[in-house]
Amino acid sequence: MDDLTLAIRPPAEARYAAELARLAADDAAPKPAGWHLSPRAVRRFLLGDPKVGVTRKFYGDDPLVDRAIVSLMSQQGLMLVGEPGTAKSLLSELLAAAISGTSGLVVQGSAGTTEDHIRYGWNYALLLAEGPSERALVPSPVLNAMRSGRIVRFEEITRCPPEVQDALISVLSEKSLALPELGPDAVASAAPGFNVIATANLRDRGVHEMSSALKRRFNFETVHPINDPEFERELVLKQLAERLGTAGVSVTGERDVAEVLVRTFQDLRTGRTAEGTSLNRPDAVMSTAEAVNVLHAAALEAVYLDNGKLSAAHVARQLQGVVLKDSPEDGKRLRAYVDHIVKERAGRSGAWKDFYQAARALKLG
Amino acid sequence: MDAPTLHDASRDLWVVPVRHHSPACAAHLERLIAHVQPAAVLVEGPCDFDPLIAALCDARTRPPVAIVSLREASEAKGTRRVASYFPFCTHSPEFVALHAAHASGVPARFIDLPSTARAMSGDGEQQPDRSLLGSEHGFTVGDYVTALARELGCRDGNEVWDQLFETRLADAGWEGFFLDVARYCACIRGATDPADMAQDGTLERETQMRRIITEVRAAVTGPIIAVVGGFHAEAVFAADPAKAKAAKAGAGRSYLIRYGMRQLDALRGYGAGLPLPGYYERLWRLRESGAAGLATDLVTGFAAHLRSGKGETPSFPVIANAIEQAQRLATLRGRPFPTRDDVIDAIRSSFIKDEIPVEQVPLLNELRSWLTGTAMGEVPPGTGSPPAGGGCPRRGPHAWLFHRGWRTPHPRARHLP
Numbered sequence: 002m003d004d005l006t007l008a009i010r011p012p013a014e015a016r017y018a019a020e021l022a023r024l025a026a027d028d029a030a031p032k033p034a035g036w037h038l039s040p041r042a043v044r045r046f047l048l049g050d051p052k053v054g055v056t057r058k059f060y061g062d063d064p065l066v067d068r069a070i071v072s073l074m075s076q077q078g079l080m081l082v083g084e085p086g087t088a089k090s091l092l093s094e095l096l097a098a099a100i101s102g103t104s105g106l107v108v109q110g111s112a113g114t115t116e117d118h119i120r121y122g123w124n125y126a127l128l129l130a131e132g133p134s135e136r137a138l139v140p141s142p143v144l145n146a147m148r149s150g151r152i153v154r155f156e157e158i159t160r161c162p163p164e165v166q167d168a169l170i171s172v173l174s175e176k177s178l179a180l181p182e183l184g185p186d187a188v189a190s191a192a193p194g195f196n197v198i199a200t201a202n203l204r205d206r207g208v209h210e211m212s213s214a215l216k217r218r219f220n221f222e223t224v225h226p227i228n229d230p231e232f233e234r235e236l237v238l239k240q241l242a243e244r245l246g247t248a249g250v251s252v253t254g255e256r257d258v259a260e261v262l263v264r265t266f267q268d269l270r271t272g273r274t275a276e277g278t279s280l281n282r283p284d285a286v287m288s289t290a291e292a293v294n295v296l297h298a299a300a301l302e303a304v305y306l307d308n309g310k311l312s313a314a315h316v317a318r319q320l321q322g323v324v325l326k327d328s329p330e331d332g333k334r335l336r337a338y339v340d341h342i343v344k345e346r347a348g349r350s351g352a353w354k355d356f357y358q359a360a361r362a363l364k365l366g
Numbered sequence: 002m003d004a005p006t007l008h009d010a011s012r013d014l015w016v017v018p019v020r021h022h023s024p025a026c027a028a029h030l031e032r033l034i035a036h037v038q039p040a041a042v043l044v045e046g047p048c049d050f051d052p053l054i055a056a057l058c059d060a061r062t063r064p065p066v067a068i069v070s071l072r073e074a075s076e077a078k079g080t081r082r083v084a085s086y087f088p089f090c091t092h093s094p095e096f097v098a099l100h101a102a103h104a105s106g107v108p109a110r111f112i113d114l115p116s117t118a119r120a121m122s123g124d125g126e127q128q129p130d131r132s133l134l135g136s137e138h139g140f141t142v143g144d145y146v147t148a149l150a151r152e153l154g155c156r157d158g159n160e161v162w163d164q165l166f167e168t169r170l171a172d173a174g175w176e177g178f179f180l181d182v183a184r185y186c187a188c189i190r191g192a193t194d195p196a197d198m199a200q201d202g203t204l205e206r207e208t209q210m211r212r213i214i215t216e217v218r219a220a221v222t223g224p225i226i227a228v229v230g231g232f233h234a235e236a237v238f239a240a241d242p243a244k245a246k247a248a249k250a251g252a253g254r255s256y257l258i259r260y261g262m263r264q265l266d267a268l269r270g271y272g273a274g275l276p277l278p279g280y281y282e283r284l285w286r287l288r289e290s291g292a293a294g295l296a297t298d299l300v301t302g303f304a305a306h307l308r309s310g311k312g313e314t315p316s317f318p319v320i321a322n323a324i325e326q327a328q329r330l331a332t333l334r335g336r337p338f339p340t341r342d343d344v345i346d347a348i349r350s351s352f353i354k355d356e357i358p359v360e361q362v363p364l365l366n367e368l369r370s371w372l373t374g375t376a377m378g379e380v381p382p383g384t385g386s387p388p389a390g391g392g393c394p395r396r397g398p399h400a401w402l403f404h405r406g407w408r409t410p411h412p413r414a415r416h417l418p
């Protein structure tokens, strides 16, 4: 097994192993069957508890975390929906890590997902040699989770074709999976602690409808983008510090630049500036995750290709890639934003001036 | 800060801190009154409302009702009619106190400034509502409450109040309960700027309360109970022999009128009282049983409401899941029974099988509207009624101390109750 701590992005249970151990040691509250931590401890893991040295990992909607934890205790699955970049997958990973000790049981939904990914596949060589047997069966993450009483994550469930999604219905309602090839009465029953966290982006292109039978078996929780600019800025800076920390580099001047970046993103996301002017929103999603990526890329440019001082010009150069994803109209909208709003702000602040000068030079179509 | 106290033994005066329309305060107040058996009951409310106490305690009066005070306000543009409202629900501590006094045949009085006094109604301009609601304002905004909410994992001051106090509705010890309320209110007061208190009339009102309490104390022998908004409790203990202000003759008239739950609803932005009064009404009804079955009552009630044509009917497993969610959320958050926020959260998770937009959601709006309730009260026939057009509440709630002139720059729709 590779050393997980050397991977680009270790799973949550490896990144936060020390915190999870501390929470488990202190945890005297009753645990639901199959859970590694009690619900209150899971809550503290996600929302932070300074007294035990646990950092906050999910921002912006504490009641959502409560509702998610409670849904996972029930017979219903948990469905996280919302715009891209709102930390749905992060939340799903953290919940699985805290509750089951592993976030690795994942089914990635896509147009090519088949029923084998949800039920089981076969080791065909053994199948041909010995016939159907337990040894020849290759369980899917869902079957693994059922047998071991853990949480399975189903990312982007709506990208799967509907007939494949519906394979989950009997898993969720009867909590069992028939294994007809192994015998007339062969059934895999879910152990306590099994549940499903699904994520979906309901309004994207290329997604299928979920049948109402499947919807009924999930509790839906919507994860909203962060709308407090102060908050978002702190979050973006924190994420930047983490990423640069693992790469072993550091950069200066990031606070002012983060302010410019977050303001730009908030304005373009909501279609309204802080002063109250309305503007045309680009179709491209301007999520917090994107903001972190932009700041990270800008910081890397500053460190490796420049003098190590982060300026708003670095950020402006990265912005092109964010906005020009989808619709060519977005280029014009960003151009209008730069020419009117940023230009006005440039007169008042050095950081915005750098931003404006670099943004003017972008090829936005 | 000194330790709070409820009883001044040297004057045999009980000052009970309450929050308006709080069922927990009303329940504990009932027990306190039964224990103390006062010789007089004093209630925070405009003193010119005293003549209406009899009508308020009439057996035919059914809350929600309100006392409306009408006066003429003269200003640069001419005079305009101004109305202020003081609502009562069955679960209002004030209502419970007045009824208890009436039942034992002891005198009851209101002890605040007259409704027509300047400090009660601001300076005649169209005031932004919030600034007049001194004692309630502190319960929902302010540094102390915000910090406490963060510490407890609550969304806002109303949830903090529910968590700390409404959940103790069925507890045995009223003394411990009111001491905790006093301590909480003292902290809120401690975090309030004294300049604000002078400016919004709080200090003047507390002076009036002290004076009337002293007046009654001199006239009556035996224990006296004063029921005041928690914010003022620590300030009204001191004696003050000066003469209290009386209403100026011809300054205005007051009437007891029917009122509606909608108007009581604080969430519409006007501040006084707990939001979603229909929820607190149900909590009050279940107080003897410790609110057992409250979640079931609410979820099945709402489902029945939807079934009657207001929306998609939820299926049985969805309803069962919502009740289970509510109870589990209450356990996770450390509450003995599901509070208002737990029930709303549970319904949100279970009933809605789709993405919830950031803007208003029809189902949750319907839920809020149902939890507010549509009850209208009754007043005894023959109670003087205000002139037509003068007593109909305008669209939107009218909390005590908030007033509207009838002439506004832009026309608005009116809903007659």
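So the protein lines, in turn, are chains A and B. For the first sequence, our numbering assigns the number 2 to the initial residue and increments by one for each residue that follows. For the second sequence, our numbering assigns the number 2 to the initial residue and increments by one for each residue that follows. Just so you know, even glycine gets a beta-carbon here, dropped at the ideal spot from N, CA and C.
Here's a check: name, in chain order, each residue in its chain whose Cβ is nearer than 8 Å to the Cβ of residue 353 of chain A, leaving out the five neighbours to either side. Start at 1 with the first residue of the first sequence, and residue 353 of chain A comes out as number 352. Hits under 8 Å: 261, 313, 343, 346 and 347.
Residues in its own chain within less than 7 Å of residue 193 of chain A by CB, not counting five upstream and five downstream? On the first sequence, position 192 is the one that residue 193 of chain A refers to. Within the same chain, residue 193 of chain A has close Cβ partners 34, 35 and 150.
Where residue 333 of chain B meets chain A, residues with beta-carbon distance less than 8 Å: As a first step, residue 333 of chain B is located in the second sequence; it is residue number 332 there, counting from the start. Neighbours of residue 333 of chain B on chain A, chain order: 40, 41, 44, 67, 70 and 71.
If we require 4 or more residues per run, which alpha helix (DSSP H) segments fall completely within the region 94-172 of chain A? Annotation: the region 94-172 of chain A contains the following complete segments of the alpha helix (DSSP H) (minimum length 4 residues), in chain order: 116-119, 125-131, 142-149 and 163-166.
Within the continuous alpha helix (DSSP H) that includes residue 255 of chain B, where are the two ends? Working through the second sequence from its first residue, we reach residue 255 of chain B at position 254. Counting along the chain, residue 255 of chain B sits inside no alpha helix (DSSP H); it lies in the beta strand (DSSP E) bounded by residues 253-259.
Give every residue of the same chain whose Cβ lies closer than 7 Å to the Cβ of residue 295 of chain B, excluding the five residues on either side of it in the sequence, and list them in chain order. Position 294 of the second sequence, counting from 1, holds the residue named residue 295 of chain B. Apart from sequence neighbours up to five positions away, the residues of its chain that approach residue 295 of chain B with a beta-carbon distance below 7 Å are 283, 284, 287, 338 and 339, ordered along the chain.
Please list, in chain order, the residues of the region 354-380 of chain B that have any C-beta partner in chain A closer than 7 Å. Listed by position along the chain: 354, 355, 356, 357 and 359.
Quick check: residue 69 of chain B and residue 256 of chain B, are their CB atoms within less than 8 Å of each other? Residue 69 of chain B sits at position 68 when you count from the first residue of the second sequence. Residue 256 of chain B sits at position 255 when you count from the first residue of the second sequence. Closer than 8 Å, so yes.
So with Cβ pairs under 8 Å, would you call residue 322 of chain B a contact of chain A? Here residue 322 of chain B refers to the residue found at position 321 of the second sequence. Judged by the 8 Å Cβ criterion, residue 322 of chain B is in contact with chain A.
Roughly how far, in whole angstroms, is the beta-carbon of residue 50 of chain B from the beta-carbon of residue 65 of chain B, given that I think they are within contact range, below 8 Å? Taking the first residue of the second sequence as position 1, residue 50 of chain B is located at position 49. Taking the first residue of the second sequence as position 1, residue 65 of chain B is located at position 64. Residue 50 of chain B to residue 65 of chain B, Cβ: 16 Å. No contact.
Can you name the start and end residues of the alpha helix (DSSP H) that residue 159 of chain B belongs to? For the purposes of this step, residue 159 of chain B is taken as the residue at position 158 of the second sequence. Taken as a continuous stretch (DSSP letters only), the alpha helix (DSSP H) holding residue 159 of chain B covers 158-165.
Residue 359 of chain A and residue 318 of chain A look like a contact to me (Cβ under 8 Å); what is the Cβ gap, rounded to whole Å? Numbered from 1 along the first sequence, position 358 holds the residue referred to as residue 359 of chain A. Numbered from 1 along the first sequence, position 317 holds the residue referred to as residue 318 of chain A. About 6 Å separates the two Cβ atoms, so the contact holds.
Should residue 105 of chain B be flagged as near chain A, meaning a C-beta pair shorter than 8 Å? Looking up residue 105 of chain B in the second sequence gives position 104. Cβ-Cβ to chain A under 8 Å: no for residue 105 of chain B.
Contact set between the region 168-197 of chain B and chain A, restricted to residues whose Cβ is under 8 Å from the partner: Residues passing the 8 Å Cβ filter: none.
Excluding sequence positions up to five away, which residues of its chain have a Cβ less than 7 Å from the Cβ of residue 328 of chain A? Locating residue 328 of chain A in the first sequence gives position 327, where the first residue counts as 1. Closer than 7 Å at the Cβ level, and outside the excluded window around residue 328 of chain A, lie 284.
Which residues in chain A sit within 9 Å of residue 156 of chain B, going by Cβ to Cβ distance? Within the second sequence, residue 156 of chain B is the residue found at index 155, counting from 1. At a C-beta separation below 9 Å, residue 156 of chain B has these neighbours in chain A: 63 and 64.
I need the DSSP call for residue 78 of chain A, collapsed to helix, strand or coil. Numbered from 1 along the first sequence, position 77 holds the residue referred to as residue 78 of chain A. Here residue 78 of chain A sits in strand by DSSP.
My guess is that residue 380 of chain A and residue 89 of chain A are in contact by the Cβ rule of under 8 Å, so how many angstroms apart are they, rounded? The question about residue 380 of chain A has no answer, for chain A in this structure spans 2 to 366.
Taking Cβ positions only, does residue 221 of chain A come closer than 8 Å to chain D? The structure shown contains no chain D; the protein chains it does contain are A and B.
If you drop the 5 nearest sequence neighbours on each side, which residues of the same chain put their C-beta closer than 8 Å to that of residue 129 of chain B? For the purposes of this step, residue 129 of chain B is taken as the residue at position 128 of the second sequence. Below a pLDDT of 50, predicted positions are generally treated as unreliable, and residue 129 of chain B, at 30, falls in that range; no measurement from the model is reported.
Exposure label - residue 197 of chain A; buried when at least 16 CB within 10 Å: Position 196 of the first sequence, counted from the start, is the residue given in the question as residue 197 of chain A. Under this definition residue 197 of chain A is a buried residue.
Cut-off 7 Å between Cβ atoms - residues of its own chain near residue 352 of chain B, not counting five sequence neighbours on either side: As a working mapping, residue 352 of chain B is identified with position 351 in the second sequence. Only 315, 319, 323 and 364 meet the Cβ criterion.
Quick one: give me the first and last residue of the beta strand (DSSP E) that residue 14 of chain B is part of. Against the second sequence, residue 14 of chain B aligns to sequence position 13. Counting along the chain, residue 14 of chain B sits inside the beta strand (DSSP E) bounded by residues 14-19.
Proximity winner among A:225, A:55, A:220 and A:118, relative to residue 358 of chain B (alpha-carbon distances): Here residue 358 of chain B is taken as the residue at index 357 of the second sequence, counted from 1. Relative to the Cα of residue 358 of chain B, the nearest Cα in the group A:225, A:55, A:220 and A:118 belongs to A:225.
CA-to-CA distance, residue 286 of chain A to residue 307 of chain A, given in whole angstroms: Counted from its first residue, the first sequence places residue 307 of chain A at position 306. Counted from its first residue, the first sequence places residue 286 of chain A at position 285. Taking the straight line joining both Cα atoms gives about 29 Å.
Compute the distance between the beta-carbons of residue 163 of chain A and residue 153 of chain A, then report whether it is under 8 Å. On the first sequence, residue 163 of chain A is found 162 positions in, with the first residue counted as 1. On the first sequence, residue 153 of chain A is found 152 positions in, with the first residue counted as 1. Cβ distance not < 8 Å, so residue 163 of chain A and residue 153 of chain A don't count as in contact.
Under the assumption that residue 154 of chain B contacts residue 146 of chain B (Cβ atoms under 8 Å), give the Cβ distance between them as a whole number of angstroms. By 1-based counting over the second sequence, the position of residue 154 of chain B is 153. By 1-based counting over the second sequence, the position of residue 146 of chain B is 145. Between residue 146 of chain B and residue 154 of chain B the Cβ distance is about 14 Å, and since that is not below 8 Å, they are no contact.
Nearest to residue 29 of chain A by alpha carbon, out of A:361, A:213, A:39 and A:331? As a working mapping, residue 29 of chain A is identified with position 28 in the first sequence. Residue 29 of chain A has its Cα closest to that of A:39, out of A:361, A:213, A:39 and A:331.
What residues from chain B crowd round residue 47 of chain A, counting only those whose CB sits closer than 8 Å? Counted from its first residue, the first sequence places residue 47 of chain A at position 46. Correct list: empty, because the minimum Cβ distance to chain B is about 11 Å.
Which of the three DSSP states is assigned to residue 423 of chain B in this structure? Residue numbering for chain B in the displayed model covers 2 to 418; residue 423 of chain B lies beyond these limits and cannot be assessed.
The region 44-61 of chain B touching the region 102-117 of chain B, judged by at least three CB pairs closer than 8 Å: Verdict: yes, contact present.
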